[in-house]
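Peer 1:
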Amino acid sequence: MIQEKVKAARGRPKTINRERILEVAMKAYWQEGTRGVSINEICKLAEVSKPGLYREFGNEDGLMEAALAAYIEQTFSPLIASLESQRSFSAVLAELVNFVCNERKELPDGCLMVKMRDAQPSLGDKTQSALAEIHYQFMVFIESWAQKAKESGEIPETMSNRFVADYVDAQITAALAQRARGEDAEKVRTVLKMAFSVFDKPA
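Position in the sequence shown (first residue = 1) + 40 = this note's numbering.
#1: Is the stretch 132 to 143 close to the stretch 92 to 102, with three or more CB pairs under 8 Å?
#2: Just to confirm, is the Cβ distance from proline 148 to glutamine 71 under 9 Å?
#3: Buried or exposed, going by whether 16 or more other CB atoms sit within 10 Å of the CB of glycine 150?
#4: Output needed for arginine 229: all residues of its chain with C-beta closer than 8 Å, excluding positions within five of it in sequence on either side, in chain order.
#5: Going by CA-CA distance only, name the one from Lys188, Lys155, Met199, Asp206 that's closest to glutamine 177.
#6: Can you grab the Cα-Cα spacing for the pair threonine 55 / glutamate 105, in whole Å?
#7: Among residues of its own chain, excluding the 5 on either side of lysine 233, which ones have a beta-carbon nearer than 7 Å to its beta-carbon?
#8: Identify whether leucine 99 lies in helix, strand or coil by the three-state DSSP scheme.
#9: Within this structure, are the beta carbons of methionine 153 and leucine 171 separated by less than 9 Å?
#10: Quick check for students: name the residue ranges of the alpha helix (DSSP H) that lie wholly in the stretch 94 to 181, counting only runs of 4 or more.
#11: By the three-class DSSP mapping on this structure, what secondary structure does threonine 230 have?
#12: Exposed or buried, which one is lysine 67 when buried takes at least 16 other CB atoms within 10 Å?
#13: Run through DSSP, which three-state label would threonine 213 get?
#14: Rounded to the nearest angstrom, what separates valine 238 and lysine 190 at their Cα positions?
#15: Who are the Cβ neighbours of proline 196 in its own chain at under 7 Å, not counting the five residues just before and after it?
#16: Kindly list the residues whose CB is nearer than 8 Å to the CB of glutamine 168, restricted to its own chain and excluding five residues on each side of it in sequence; keep chain order.
As structure tokens, then:
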């Protein structure tokens, strides 16, 4: 566990548990959205002083950027690794449906990245930049799969790679927002699978 010693008030050493703060911040932003939770609330939940938090992360933007990085490491990177192991575009889409709809024990529904994108104008420069970069990587990933799917005859050649990526992104974003609102997982699954049926090549 990563811990650092910093000086607290009156010169006493205080232990800052960085991983604990990031876990609290990530789940709070994930559950409530970045506009739904304050620094004071995070400090209270993580049992850390505001000066201590600022010494560790610089400012609120630094905390959000670090929380996003923690989310990517814990949730998004494993998803991409799973998608990379699939053998077909239909399997990639099925895995995305499972990611959206399967229950994740002790974790909020929805997606921190989607909630941050909804609040993007209010985010700091560091967080906006990190968010834009990871979204760009996801779009490139889907575009590469679209190209493979066209080459293998799995989807129509008339669909551009960019259209496929934009469409998948829009459907996933909408479905994750539904899950974050507490909508029934099986209902969302059915609608999402129907939305992805647009890629089925006519018999």
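Glycine is no exception: its CB is placed at the ideal position from the N, C-alpha and C atoms.
Peer 2: With the structure as the only source:
#1: Under the 8 Å Cβ criterion, the stretch 132 to 143 does not count as touching the stretch 92 to 102, having fewer than three qualifying pairs.
#2: The residue labelled residue 148 in the question sits at position 108 within the sequence shown. The residue labelled residue 71 in the question sits at position 31 within the sequence shown. The answer is yes: Cβ separation under 9 Å.
#3: Locating residue 150 in the sequence shown gives position 110, counting from the first residue. Of the residues assessed, glycine 150 falls on the buried side of the cut-off, its CB having 16 or more other CB atoms within 10 angstroms.
#4: By 1-based counting over the sequence shown, the position of residue 229 is 189. Listed in chain order, the non-local C-beta contacts of arginine 229 below 8 Å within the same chain comprise Val137, Val140, Cys141, local neighbours out to five positions each way being set aside.
#5: Within the sequence shown, the letter at position 137 stands for residue 177. Cα-wise, what sits closest to glutamine 177 is Asp206.
#6: To locate residue 55, count along the sequence shown from 1; it is residue 15. To locate residue 105, count along the sequence shown from 1; it is residue 65. The alpha-carbon atoms of threonine 55 and glutamate 105 are separated by roughly 22 Å.
#7: Counting from one through the sequence shown, the residue named residue 233 turns up at place 193. Within the same chain, lysine 233 has close Cβ partners Val137.
#8: Taking the first residue of the sequence shown as position 1, residue 99 is located at position 59. What sits at residue 99 in the sequence shown is asparagine, not leucine. Assigned with DSSP and collapsed to three states, asparagine 99 falls in coil, not helix or strand.
#9: Here residue 153 corresponds to residue number 113 of the sequence shown, with the count starting at 1. Here residue 171 corresponds to residue number 131 of the sequence shown, with the count starting at 1. In this structure, leucine 171 lies closer than 9 Å to methionine 153 by Cβ.
#10: List check, alpha helix (DSSP H) in window: 100 to 111, 117 to 124, 129 to 141, 152 to 158.
#11: Counting from 1 along the sequence shown, the entry for residue 230 is found at position 190. In the structure shown, the three-state DSSP call for threonine 230 is helix.
#12: Working through the sequence shown from its first residue, we reach residue 67 at position 27. Per the 10 Å Cβ criterion, buried.
#13: Counting from 1 along the sequence shown, the entry for residue 213 is found at position 173. It is helical.
#14: Translated into the one-based positions of the sequence shown, residue 238 becomes position 198. Translated into the one-based positions of the sequence shown, residue 190 becomes position 150. The alpha-carbon of valine 238 is positioned some 14 Å away from that of lysine 190.
#15: By one-based count along the sequence shown, residue 196 stands at place 156. Taken in chain order, the residues that qualify are Lys241.
#16: Start at 1 with the first residue of the sequence shown, and residue 168 comes out as number 128. When the five nearest sequence neighbours on each side are left out, the beta carbons in the same chain lying within less than 8 Å of the beta carbon of glutamine 168 are those of Gln160, in order along the chain.
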